[in-house]
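What follows is one structure encoded as structure tokens, with my remarks underneath.
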Amino acid sequence: MDAATVIGCFRDRTILITGSTGFLGKLLVEKILRVQPNVRKLYLLVRAPDAASAHHRMLTEVVGTELFDVLRSRHGADFSSFIENKISPLAGDIVYESCALSSSTIDQMSKEIDVIVSVAATTSFYERYDVALASNALGVAHVCQLATKCSNLKMLLHVSTAFVAGDQEGLLLEKSFNSGESLRKGYTLDIESEIKFVENVKSKLRMQLCSDKIEKKEMKELGLKRARHFGWPNVYSLTKALGEMLLGNLGRDLPVVIVRPSIILSTFQDPIPGWIEGTRTIDMLYVAYNDQTIPCFIADRNVISDMIPGDMVINAMMVAMAINWDKHNTQTIYHVTSGHRNPLNYSNAEESLYEYFRANPRVSKDGRIIKNKRVLLFKKYTHFHLYMILRYKLALEVLHMMNVFGDSFSKYYNKLNRGYNFLTLVAKLYAPYVFFKGCFDDTNMRKLWVVTTTDKLNDGSIFGCDPACINWGLYLVNTHIPAVMANARKANQMKKANKSA
1 MDAATVIGCF RDRTILITGS TGFLGKLLVE KILRVQPNVR KLYLLVRAPD
51 AASAHHRMLT EVVGTELFDV LRSRHGADFS SFIENKISPL AGDIVYESCA
101 LSSSTIDQMS KEIDVIVSVA ATTSFYERYD VALASNALGV AHVCQLATKC
151 SNLKMLLHVS TAFVAGDQEG LLLEKSFNSG ESLRKGYTLD IESEIKFVEN
201 VKSKLRMQLC SDKIEKKEMK ELGLKRARHF GWPNVYSLTK ALGEMLLGNL
251 GRDLPVVIVR PSIILSTFQD PIPGWIEGTR TIDMLYVAYN DQTIPCFIAD
301 RNVISDMIPG DMVINAMMVA MAINWDKHNT QTIYHVTSGH RNPLNYSNAE
351 ESLYEYFRAN PRVSKDGRII KNKRVLLFKK YTHFHLYMIL RYKLALEVLH
401 MMNVFGDSFS KYYNKLNRGY NFLTLVAKLY APYVFFKGCF DDTNMRKLWV
451 VTTTDKLNDG SIFGCDPACI NWGLYLVNTH IPAVMANARK ANQMKKANKS
501 A
């Protein structure tokens, strides 16, 4: 199989994509339309109250972005008509049965759809437990429910995460979860029990007349607590694992492919280098370093930081679909990762950060260069915790006592307390990743490289997903970190504009 064969698989096909307004979803929509303009139709499930709102979101949040500039330039004046002919936005939501689609809509689509790509998810490590369960677990069940009604379905591709492995060590295989399997020995994971547990907690909070703010915080803490109870580091990895379990049960008779990316970064080259949206996982640390809000952190410099550019994830998804086309009663898993093939450790990632900011320092309003201080790194969490007590907790206690004599110290107390809470939460959420001792097996993924590394079409549309081609230092310094910082500046400008409006 070569790239031309992969492209041919999408000719005259009808594809339903969930999560199309998100980062990966947009990349997938753009790539399909660019390499295979003869795709029959892309149904995009969009959270919206009605068809008009769904259409507006599609135009503004998906095809209206700069990601589609290459496609827009290629079609010129015909771009709008091309989009209208190829894309059909649907007002719906995966958290509801049948994805909140009407029976008439489902009846119509079920005869047309060849492929369903399930991308929609909440990716926050610190999400409300009820929200994460609804989206990442029950959402998968609802997509499966829809898939079973599609009589001509050739493929259900589900995007998960490699970190469903939790904090296990050693070589982590591309294998599925057993129903109810927990990473903590002696514990059984049951989705129905978890849903009832969440509802009971929420009922108690409401009986106590707790505010929405308190309920939100309690639900976030509950998600973190339950994840660690069952052996996962956070609510995201736990609920994604639950989603895979549901898919294993409900999708037994379907042709299923699961793609598990590691930490997803900006595009490597396709359609443009460095395209990104939002502040994603490790990117928060780059922004915080620029703002000098993260004076200390935890990390083992020798640990591998497994990351993969977004366009390589999309390429792997498309090739995996082509290779596994119409293979019913099978479930194939791909680790779209880099640590086994082209490892990057935290010491090299850290040096790339400093190299970028040495070449691109902050500048004050009067034109002076502002030097950023290096981050104080602790190899052990206990050492970090001790530092936080000495640097923040003792000072907070002193300021608290001084407030007895007046509130003149309150602003210093509040600022220091915000810094303490931020650093503590970040360390709690990221510790499992910066001390991660596992390595993701890529046996299945290697089968895709045969296609992606040897073939290139004349128009430059490739399906490269072999991370061996990445020079991490050059990519981080020249492409990814600049993209993150540009995105952060854009977000700040939008916040200022919204405040002044």
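Residue numbers 1 to 501, in the UniProt record's numbering, belong to the letters of the sequence shown in order. Glycine residues also receive a C-beta, built at the ideal position from the N, C-alpha and C atoms.
Exposed unless 16 or more other CB atoms sit within 10 angstroms - verdict on residue i
i	result
Glu192	exposed
Val62	buried
Glu194	buried
Leu474	exposed
Gln493	exposed
Met445	buried
Ala359	exposed
Glu30	buried
Glu199	exposed
Met109	buried
Met207	exposed
Asp466	buried
Ile369	exposed
Run of the beta strand (DSSP E) containing residue i, from where it starts to where it stops
i	result
Tyr334	Thr330 to Val336
Ser88	Ile87 to Ala91
Beta-carbon contacts of residue i that lie in its chain and below 7 Å, excluding the five residues immediately before and after
i	result
Pro482	Gly274
Asn417	Leu396
Lys154	Asp114, Val115, Pro255, Trp325 and Asp326
Gln36	Ile7, Phe10 and Arg11
Asp93	Arg47, Cys99 and Ala100
Asn458	The predicted model places Asn458 with a pLDDT of 41, which falls under 50 and marks its position as unreliable, so this point remains unresolved.
Lys26	Ser20, Val62, Thr65 and Leu67
Ala241	Val164, Phe177 and Trp232
Val434	Ile298, Ala299, Asp300, Val303 and Tyr346
Gly460	Residue placement at Gly460 cannot be trusted, given a pLDDT of 42 that sits under 50; what the coordinates show is reported in the next sentence. So no residue of the chain qualifies.
Ala288	Ile294
Alpha helix (DSSP H) segment containing residue i, residue limits
i	result
Arg358	Tyr346 to Ala359
Lys327	No alpha helix (DSSP H) contains Lys327, which DSSP labels as neither H nor E.
Met219	Asp212 to Phe230
Lys196	Ile191 to Met207
Met401	Leu394 to Met402
Leu33	Phe23 to Val35
residue 535	Look at the range of the chain in this structure, 1 to 501, and you will see that residue 535 is not part of it.
Pro432	Ser410 to Val434
Tyr286	Asp283 to Asp291
Leu474	Trp472 to Tyr475
Ile7	Ala3 to Gly8
Gly170	Gly170 -> not in any alpha helix (DSSP H); beta strand (DSSP E) instead, spanning Gly170 to Leu172.
Val117	Unbroken run through Val117 is the beta strand (DSSP E), Val115 to Ser118; no alpha helix (DSSP H).
His385	Tyr381 to Met388
His75	Asp69 to His75
Residue of the options minimising C-alpha distance to residue i
i	options	result
Arg40	Lys490, Leu24, His56 and Thr14	Thr14
Asn249	Ile282, Leu28, Pro233 and Asp190	Asp190
Arg391	Thr424, Thr18 and Ser102	Thr424
Asn178	Met245, Arg184 and Ser211	Met245
Leu45	Val95, Arg341, Met284 and Gln36	Val95
Tyr167	Thr479, Asn487, Lys447 and Tyr430	In the sequence on display, residue 167 carries Asp and not Tyr. Of the candidates Thr479, Asn487, Lys447 and Tyr430, the one whose C-alpha sits nearest the C-alpha of Asp167 is Tyr430.
Pro89	Ala52, Thr122, Phe82 and Thr123	Ala52
Thr122	Lys111, Met58, Thr18 and Leu157	Thr18
Cys439	Arg341, Val287, Glu181 and Tyr289	Arg341
Lys373	Thr382, Asn290 and Met207	Asn290
Asp442	Ile314, Lys175 and Ala120	Lys175
Ile470	Phe268, Asp306 and Lys496	Phe268
Sequence-distant residues of its chain with Cβ nearer than 6 Å to residue i (five each side left out)
i	result
Lys437	Glu169
residue 536	In the structure as shown, the chain starts at 1 and stops at 501, and residue 536 therefore has no counterpart that could be examined.
Lys204	none
Asp270	Asp311
Phe378	Ile298 and Phe384
Val257	Leu157, Ala320, Asn324 and Thr332
Thr479	Pro273 and Gly274
Distance between beta carbons of residue j and residue i, contact taken as under 8 Å
i	j	result
Val259	Tyr334	5 Å
Gly339	Leu265	Not quite, the Cβ-Cβ distance comes to about 14 Å (not below 8 Å), so this is no contact.
Val336	Ala316	5 Å
Met318	Phe463	6 Å
Other residues of its chain near residue i: CB distance less than 8 Å, five sequence neighbours each side excluded
i	result
Ala147	Ile116, Leu153, Leu156, Gly251 and Leu254
Gly180	Thr188, Leu189, Asp190 and Met245
Glu84	none
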